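Residue numbers (the numbering used here): 4 to 425.
Ideal Cβ positions, reconstructed from N, Cα and C, are used throughout, including at glycine.
Nothing here was measured: the structure is a model prediction, and the numbers come from that model.
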C-alpha cells in the first residue's frame, strides 16, 4: 500500500489536473485500475510498476521482490486476457502493456538482470540497446490497431494519450509512423495540437530516411545526385514547424520574464541565464518543449545534409544560419525548463515581467509526474550533436535530476552518455 500511495501521489495526474493535450496514458492508469477487477492484468501492472518506482526511490529490497512477483503474474494474466477481448478489457490491456514497458525501463541494468552482451551495450543513433525487449510496446500498438479494425467502442481521451508517446517513440527509434495511426483528427486531436501532429509524423519519416542515408559510404556523392528531394523535404518541414507558432491562441503564448538578481548557489544551476519562460499550464509547456525538441531534430538533420554537400558560399551561409538557429532553440529550451521546477514561492511571481529570485524559490527538486514530461524532449536535446556544449551540459544536469526523481534507469543512462544521435 505504501508503494501504491507513493505512485498515486507523485507519478499520476488526474484528467482534471491539466488540459487533455498534456496527458499521456499514465493519467488513465488509476481510473482504469479502479474499474479492472482483482487479479486483472492492469491491477498486476499497476502493482508491479508502483513497487518498482518505490524501490528505485527508496532502495527497499522487499519492494523489488514484490515488483518482480507482480510483474510475472501480470505477464501470465495478460496472455489470458488477450484471448478474450472486450470493449473495456482492451482499454485495460493497453494501459497494462504500456505500464510493463515502463517497468522494463525502470529495471534496465538492475543487478537482478543477467549480464548483457558487451555488443548490446554499444550506443547507436536509435538507442537499439534499449529496444531489445519491445514485446510490450508492440503489444500496445497491436491492441490499438485491433481496436480500430474490430470497431470496439472508442475511448478517445485514453487513445489520444496512448498514441502521443507511441509517435514520440517512433521518432526516437527512427521508425515511420504506421499509416493507420497517422490521422490525429480520428483520435480527437484539435486546435494547435492537431496542426502540430502531422509535423511530428513527418519528423519520424524524415529521421528514418536520413538514418538510412547517413549509413551509406558516400553520402556526399549521393546527395549531389539526389539532393533535391531530401534536402527540400527537410527544409519544407523546418519551415512548416516555424509557421506553427504563428497566430496561436492567447492561451498558447508563453511569457518571458527577466530575473534581475539571483544568488550564485544553487540558483545558478536552477537557471540557465536571466530569462525564464512561463506557460498557461504544464500541459501547454509540455507541448511547447516537445515542439522545440522536434525543431532541434529537423534542424540537425538539415545541418548534416547541407554539411555533406560541397561547401560553396551559399551552402556555408545556410549551414551557419542553421547552427545559429539550433543555438537559439537550445537556449529557448533552457529558458523553459525552470517552469517545471518552480516552487510555490516562485510560481506566483510569473505574473510579473521582472522579478528577483532567492535560493528558497529555486528548487532542484521536481515532482516525478512533471519530470516525465521532460524526459523525451531533454533526451533529444542532450543527444543532438549540434547543441552547444554549454547548453547541453546544463540540459544534461536537468535530465539527470528528472531521471533520478523518476527512478528511470533508461533516462539516467541517456543523461550520462550519448544513447541516441540526432
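Thinking just about the alpha-carbon of each residue, which of the options is nearest to the one in residue i?
i	options	result
residue 23	304, 385, 284	284
residue 278	288, 291, 263	263
residue 233	405, 160, 334, 213	213
residue 161	40, 29, 417	29
residue 7	18, 46, 292, 388	46
residue 108	192, 315, 258, 375	375
residue 178	208, 163, 237, 58	208
residue 241	399, 320, 303	303
residue 462	83, 305, 403, 145	Here the chain covers residues 4 to 425 and nothing more, so residue 462 does not appear.
residue 143	174, 237, 102, 153	102
residue 259	247, 148, 288, 238	288
residue 193	245, 180, 151, 252	252
residue 93	307, 11, 146	146
residue 167	202, 152, 149, 153	202
residue 165	26, 57, 200	26
residue 239	206, 414, 419	206
residue 173	412, 420, 379, 256	379
residue 163	175, 200, 320	200
Could you tell me if the beta carbon of residue i falls within a distance shorter than 7 Å of some heavy atom in the ligand NAD?
i	result
residue 390	The ligand NAD is absent from the structure shown, which contains no ligand whatsoever.
Enumerate in chain order the residues of its own chain whose CB-to-CB distance from residue i is below 7 Å, with the five nearest sequence positions on each side excluded.
i	result
residue 383	296, 299, 300, 425
residue 122	Interpretation of residue 122 is limited by its pLDDT of 40, a score under 50 that renders its predicted location unreliable; no figure is taken from the coordinates.
residue 99	44, 45, 48, 77, 81
residue 341	273, 274, 279
residue 95	35, 39, 43, 44, 45
residue 197	187, 188
residue 114	Interpretation of residue 114 is limited by its pLDDT of 47, a score under 50 that renders its predicted location unreliable; the figure taken from the coordinates is listed afterwards. Within the same chain, residue 114 has no close Cβ partners at all.
residue 282	257, 288, 291, 342
From what residue to what residue does the alpha helix (DSSP H) around residue i run?
i	result
residue 317	316-339
residue 419	412-419
residue 220	Careful: residue 220 lies outside any alpha helix (DSSP H) and carries neither H nor E.
residue 162	159-176
residue 369	Where residue 369 is concerned, there is no enclosing alpha helix (DSSP H), given that its DSSP letter is neither H nor E.
residue 299	285-310
residue 187	Counting along the chain, residue 187 falls outside any alpha helix (DSSP H), and DSSP gives it neither H nor E.
residue 38	32-38
Indicate the three-state DSSP secondary structure (helix, strand or coil) for residue i in the structure shown.
i	result
residue 388	coil
residue 400	helix
residue 100	helix
residue 26	coil
residue 120	Since pLDDT at residue 120 reaches only 43, below the 50 mark, its modelled position is unreliable, and the value read off the structure follows with that caveat. Residue 120 falls in the coil class under three-state DSSP.
residue 408	helix
residue 87	coil
residue 43	coil
residue 426	Nothing in the structure corresponds to residue 426, since the chain is present only between 4 and 425.
residue 15	coil
residue 270	Its pLDDT being 49, under 50, residue 270 is placed unreliably in this model, and the value from its coordinates should be taken loosely. It is helical.
residue 193	coil
residue 128	coil
residue 9	helix
residue 144	helix
residue 149	helix
residue 383	helix
residue 20	helix
residue 49	helix
residue 56	helix
residue 234	helix
residue 4	coil
Specify, as a first and last residue, the run of the beta strand (DSSP E) that residue i falls within.
i	result
residue 278	278-281
Using a Cβ-Cβ cut-off of 8 Å, state whether residue i counts as contacting chain C.
i	result
residue 75	The chain labelled as chain C is not found in the depicted structure, where only one protein chain is given.
Under 8 Å Cβ to Cβ from residue i, same chain only, skipping five residues before and after it: list those, please.
i	result
residue 377	292, 340, 343, 369, 401, 402, 405
residue 334	275, 276, 394
What residues in its chain sit with their C-beta under 6 Å from that of residue i, if we drop five residues either side in the sequence?
i	result
residue 417	382
residue 140	104
residue 90	155, 156
residue 60	410
residue 204	180, 185
Counting pairs of beta carbons, one from the region 51-60 and one from the region 72-84, are three or more of them closer than 8 Å?
yes
Determine, using beta-carbon pairs with one atom in the region 322-335 and one in the region 388-405, whether at least three such pairs fall under 8 Å.
yes
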